[in-house]
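The block underneath contains the structure these notes are about, expressed in structure tokens.
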Amino acid sequence: MRIIFVSCLVLTIMMPTFVNADLAASDRAELNKVIEDFIRNNPEVVRDTLIALAAREEAERKQTGLAKVRDDLGDPVMGNPNGKITLYEFSDYNCGYCKRVFEPIQQLLRDNRDVRLVIKEFPILSQSSLVAAKAAIAAEMQGKFSAYHIAMMTYRGQITEDVVMRLAAQAGIDEKQLKIRYGKPKNGGHYPAHPRGGGGA
């Protein structure tokens with residue numbers, strides 16, 4: 011009951027005209043005095059209510075963000091596509107750390123047959139990262155993502171468009187189809203814009 015009362019109290023403070031519309035002037039003055047006295051004597055109640063409200067809003071924002079992450083329709087999948095355990099990997103082909111953990115993750119998939127790994131292309135380090143990510147989706151559309159991804163992640167050196175095309179060819183991707191489908195994610199997906207001004211697909 012206390013929480014309900016405080017919620018109404020905060021609403022009253024924020025919307026005085028709405029709350030007091032049907033009250034006589036004397037009644038409004040008396041109500042305002044009661045509210046002011048309560049706030050003055052119990053400031054922690056209002057503080058705790060506002061903190062709880064902020065926490066609830068933050069939790070809702072996190073749930074919304076998590077829902078977006080879990081929306082993996084069209085994202086490439088490695089491991090067991092029907093696995094009961096789903097892992098999400100945010101990947102940039104120019105990321106040294108991503109490449110260092112690539113083999114341990116592959117070993118994890120080999121050792122755990124019930125794991126489904128969803129690859130989230132996240133090209134943020136350079137413009138060539140965006141090129142490589144777009145090619146990854148084109149590779150996925152040809153059913154060659156796994157071979158392409160492995161080739162890219164095991165490549166040592168700076169990723170350039172020439173490197174992308176060469177490794178894609180080695181992975182068995184049709185170059186003509188790769189260029190036609192370049193940057194056209196499956197099922198309406200898209201990539202984030204590059205922070206230095208490059209656009210997503």
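When you read off a place in the sequence shown, starting at 1, and then add 10, the result is the number in the working numbering.
No residue lacks a Cβ here, since even glycine has one placed at the ideal position from N, Cα and C.
Here A142 really is in contact with V174; their C-beta atoms are around 5 Å apart, less than 8 Å. Counting along the chain, L177 sits inside the alpha helix (DSSP H) bounded by residues E171 to Q180. The alpha-carbon separation between T59 and N92 amounts to approximately 44 Å.
Annotated three-state conformation of R126 is strand, per DSSP. The count of Cβ pairs closer than 8 Å, one atom from the stretch 93-107 and one from the stretch 37-49, stays below three, leaving the stretches out of contact. The alpha-carbon of R110 is positioned some 27 Å away from that of Q152. By the neighbour-count criterion, in which 16 or more other beta carbons inside 10 Å mark a residue as buried, I129 falls on the buried side.
A residue is called buried once 16 or more other Cβ atoms fall within 10 Å of its Cβ, and I169 is buried on that count. Shortest Cα-Cα distance from I134 to any of A145, A178, C105 and V125 involves C105. Taking the C-beta atoms as reference points, S139 is found nearer than 7 Å to Y103.
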